[in-house]
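**Student:**
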Amino acid sequence: MIYSNRPALWQSTPVLTTRTVLTPVGDARTQAMAQLVLMDGLAPSTFHRQGDPPPRADAMWLGTADALRQLGVERGTQAMAAPLAQAWQGRHAKTHVQVIRPGWSPALGGDAVRSHEITFWAPGSVSVIWSHSEGLLRQELEQAMMAGADVALAELLASPRFAAAAVLHAVTQAPPYARTVPPPVLHVHCYLVGVTDPGGQLASSRRQFGETVRSGGAAGRLRLAEKLRGLGFQIEALTGPGGRFFEVAGVPPQLAEESSVWHRAECPAITHLGRY
């Protein structure tokens, strides 16, 4: 499995980052990659406290029913490692039938399925509030992040029907931790498996997102802000690079900075794999 970081295939804003992923067909190690992405040490459920409500699933399927049906999964259901691994290879989760036609990859020297990893990052203040909140509010903030990622993905793709798995992480550094637990950095990895072609068949996305990354980030940011207002938070607009972002009012700037993605627009715990 290859994550491409070449400039032509990497676009970044402080809200959305995108990368291309190439998965060789039939590579059994893809299952290990899926398990690593879903590892408990990164998920919000890792930090479940005694007395909290039962933890919710940290990963779910997003997209349109017709696209997801071709992979044998349903929107809103929990994304597990085995179906995710099959989806990366363009296969049906249950029958393992090849749904997405692979293409020749010079980098891999064989057939591979092309997908995208699109990550939606929370403002630092949101991550700080999450880490200091009681269990029910933490869950509501997690749902707000998923809602923002869902809208960002739909805006990014504009019109095609699509299939994706969304995985929520609370930190970027997996255990064993260093001397202290790393600062909270809420973010959602959206693994865009494919989009439907004019005939309705699920296929690999060949898009280079370019400026749509900014519009997708803006749409996701707006949905997240709306959810936060609904929870009673006041929004401080015109923050961050270019004044295009927001923070929750009242969070000390130093704390927000420690949990900000401006300087860490990656998740090292999974990007270290490189060629897999």
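Note that the sequence shown covers residues 1 to 276 in UniProt numbering. Positions of the beta carbon are idealized from the N, C-alpha and C atoms, including for glycine.
Hey, Ala256 and Ser133 are a contact pair by Cβ (cut 8 angstroms); roughly how many whole angstroms apart?
**Tutor:** Actually they do not touch by this definition, with Cβ atoms about 15 angstroms apart.
**Student:** Taking only three categories from DSSP, how would you classify Ala249?
**Tutor:** coil
**Student:** If I measure Cβ to Cβ from Val93 and keep anything under 8 angstroms in the same chain, skipping five residues before and after, which residues do I get?
**Tutor:** For the record, residue 93 in the displayed sequence is Ala; it is not Val. Correct list, in chain order: Leu71, Gly72, Val73, Ala82, Pro83, Gln86, Ala87.
**Student:** Mind checking which residues open and close the beta strand (DSSP E) that includes Asp111?
**Tutor:** Asp111 -> beta strand (DSSP E) spans 110 to 121.
**Student:** What does the alpha-carbon distance come out to for the pair Pro53 and Gly232?
**Tutor:** 21 angstroms
**Student:** Roughly how many angstroms lie between the CA atoms of Met33 and Val251, to the nearest whole one?
**Tutor:** 36 angstroms
**Student:** Report buried or exposed for Ala43, applying the criterion of at least 16 other Cβ atoms within 10 angstroms of its Cβ.
**Tutor:** buried
**Student:** Would you check if the distance between the CB atom of Leu62 and the CB atom of Asp150 is smaller than 8 angstroms?
**Tutor:** yes
**Student:** Using 8 angstroms for Cβ pairs, my map puts Leu36 next to Ala59. What's the rounded Cβ distance?
**Tutor:** Not a contact, Cβ separation roughly 13 angstroms.
**Student:** Whose CA, out of Gly216, Ala164, Gly103, lies closest to the CA of Pro24?
**Tutor:** Gly103
**Student:** Check each candidate in Gln89, Ala203, Leu224 and name the one with the smallest Cα separation from Arg29.
**Tutor:** Gln89
**Student:** Note down the Cα distance separating Leu238 from Asp40, rounded to an integer number of angstroms.
**Tutor:** 35 angstroms
**Student:** Can you grab the Cα-Cα spacing for the pair His116 / Ser131, in whole Å?
**Tutor:** 29 angstroms
**Student:** If Arg161 sits next to Ala79, beta carbons under 8 angstroms apart, how far is it from one beta carbon to the other, in whole angstroms?
**Tutor:** Going by Cβ atoms, the distance from Arg161 to Ala79 rounds to 18 angstroms, so no, they are not a contact pair.
**Student:** My output table needs one value for Arg19: the three-state DSSP class, helix, strand or coil.
**Tutor:** strand
**Student:** Figure out for me which residue from Gln31, Ile100, Thr77 has the closest Cα to the Cα of Ala165.
**Tutor:** When only C-alpha atoms are compared, the closest one is Thr77.
**Student:** For Arg206, does the count of other Cβ atoms within 10 angstroms reach 16, so buried, or fall short, so exposed?
**Tutor:** Arg206 comes out exposed.
**Student:** Where do the ends of the alpha helix (DSSP H) carrying Thr30 lie?
**Tutor:** That run of the alpha helix (DSSP H) goes 30 to 37.
**Student:** Relative to the C-alpha of Gly148, which residue among Thr64, Leu222, Arg19, Ile235 is closest?
**Tutor:** Ranking the options by Cα distance to Gly148, first place goes to Leu222.
**Student:** So what does DSSP say about Ala269, is it helix, strand or coil?
**Tutor:** Legend: pLDDT at Ala269 = 46, less than 50; position of this residue unreliable, no value from coordinates given.
**Student:** Would you report the Cα separation of Ser215 and Tyr191, rounded to the nearest angstrom?
**Tutor:** The C-alpha of Tyr191 is placed about 19 angstroms away from the C-alpha of Ser215.
**Student:** Smallest Cα separation from Ala225: which of Leu16, Arg138, Phe246, Val188?
**Tutor:** Phe246
**Student:** Using the Cα positions of Gln139 and Ser45, report the straight-line distance between them to the nearest angstrom.
**Tutor:** Their backbone Cα atoms lie some 10 angstroms apart in a straight line.
**Student:** Span of the beta strand (DSSP E) holding Thr77?
**Tutor:** That residue, Thr77, is in no beta strand (DSSP E); it is neither H nor E in DSSP.
**Student:** Let's see if you can read the secondary structure: which residues bound the alpha helix (DSSP H) around His132?
**Tutor:** 124 to 132
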